[in-house]
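A.B. asks: So for the sequence shown, my numbering puts the first residue at 4; every next one is plus one.
Glycine included, C-beta positions come from ideal geometry on N, C-alpha and C.
Let me begin by handing over the structure; questions about it come next.
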Amino acid sequence: MTDNLLAIVLLFLGLFLGGGVFSLVRQGLKVGAAVCALGAVMAITAGVMWW
């Protein structure tokens, strides 16, 4: 159960960072959006692999 809970948290974090990417792109902060996108991809990948 703990493994699945951690995977769910990582997936939620990835989606949260994905929303940050959308927000940063709308503000015109491309470098911040790229860093945020990298974190989102890593979090979602870790969540899927952990599941």
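What distance in whole Å lies between the Cβ atoms of Val24 and Ala43, which are believed to be in contact at a cut-off of 8 Å?
C.D. replies: 6 Å
A.B. asks: Exposed or buried, which one is Leu8 when buried takes at least 16 other CB atoms within 10 Å?
C.D. replies: exposed
A.B. asks: How should Gly17 be labelled, buried or exposed, when 16 other C-beta atoms within 10 angstroms of its C-beta is the threshold for buried?
C.D. replies: buried
A.B. asks: Please report the residue range of the alpha helix (DSSP H) in which Gly42 lies.
C.D. replies: 33-53
A.B. asks: Apart from the five residues just before and just after Val12, which ones in its own chain have a Cβ nearer than 8 Å to its Cβ?
C.D. replies: Only Gly50 meet the Cβ criterion.
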